[in-house]
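Trainee: Here it is, the structure in full.
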Amino acid sequence: MKKRIKFRKLGRTSKHKWAMLRNMVTSLIYHERIQTTVPKAKELKYLAEEVIGLGKQGEYFAATAHCCRVSTIVYHSSSHAYVNNSVIIHEYPGTIHARQRANEILREKPALTKLFEILGPRYKDRQGGYTRILQLARPRQGDKAPMAVIEYIDRPGEIRAARPPKSRRTPVNLSEVLACVGIRPITEEQQPAKISPTELGGASS
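For the sequence shown, counting from 1, position 193 maps to 193 in the numbering used here; every step adds exactly one.
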């Protein structure tokens with residue numbers, strides 16, 4: 001009985017597949033748009049949205065050190081803050097647990113920094129759907145594998161503008177939409193005068 005099998009096999013062993021997906025999601029965070037085959041893009045979508053969920057955990061934790069151990073840093077720098085006889089060396093966005101989980105997936109530290117400092121705040125209003133898969137018309141030359149583009153939405157230069165989340169949508173009624181295109185409602189003064197049947201000559205003799 002097979003249970004908890006999340007990803008496709010993709011013709012690889014489990015270790016090879018996980019290493020490939022880690023490399024791809026790191027590249028996707030760097031470039032925010034990559035080209036791959038359709039099955040790989042569909043599997044990468046789960047992992048790419050999972051790391052964005054980790055990056056949205058935007059609490060800050062501080063790396064601190066005790067004053068007796070970093071006395072040279074304390075006395076030679078005025079940019080550090082003191083908390084309970086400790087000095088804050090640097091503040092990192094994201095909870096410690098979220099950064100540890102993301103560090104297990106991403107390959108490089110700059111990608112981890114971009115995830116928590118740029119991508120996480122960008123999607124704070126969205127509840128999901130951070131990626132988009134667009135299948136290309138031309139297959140890959142050689143084996144004719146179907147190709148696709150996977151990208152993060154809400155970024156400069158994206159292929160198609162994404163629909164804004166519900167929290168950023170402004171309620172618009174029909175009159176406001178017609179006013180934007182220059183159509184105004186007809187007032188009572190602009191309405192034509194009503195003509196009775198007798199004025200039209202329709203009275204019976």
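Even for Gly, the Cβ is constructed at its ideal location relative to N, Cα and C.
Going along the chain, which unbroken runs of the alpha helix (DSSP H) with 4 or more residues stay wholly within the stretch 2-31?
Mentor: You should have 14-31.
Trainee: Measuring alpha carbon to alpha carbon, tell me which residue in 146, 32, 132, 36 is nearest residue 114.
Mentor: Answer by Cα proximity: 32.
Trainee: List the endpoints of the continuous beta strand (DSSP E) containing residue 148.
Mentor: Residues 147-152.
Trainee: Residues in the same chain with beta-carbon distance under 6 Å from residue 149, minus the five sequence neighbours each way, listed in chain order, please.
Mentor: Answer for residue 149: 35, 134, listed in chain order.
Trainee: Report the option in 97, 21, 143 whose CA atom is closest to the CA atom of residue 107.
Mentor: Nearest option by C-alpha distance: 21.
Trainee: Would residue 24 be called buried (16 or more neighbouring beta carbons within 10 Å of its own) or exposed?
Mentor: Classification of residue 24: buried, given that the 10 Å Cβ count is 16 or more.
Trainee: How many Å lie between residue 127 and residue 156 at the Cα?
Mentor: Residue 127 and residue 156: Cα-Cα distance of roughly 20 Å.
Trainee: Around the C-beta of residue 166, are 16 or more other C-beta atoms found within 10 angstroms, so that it is buried, or is it exposed?
Mentor: Exposed: under 16 other Cβ atoms inside 10 Å.
Trainee: In the stretch 101-181, which residue ranges form an unbroken alpha helix (DSSP H) of at least 4 residues, counting only runs that do not cross its ends?
Mentor: Within the stretch 101-181, the complete alpha helix (DSSP H) runs of at least 4 residues are 109-114, 174-180.
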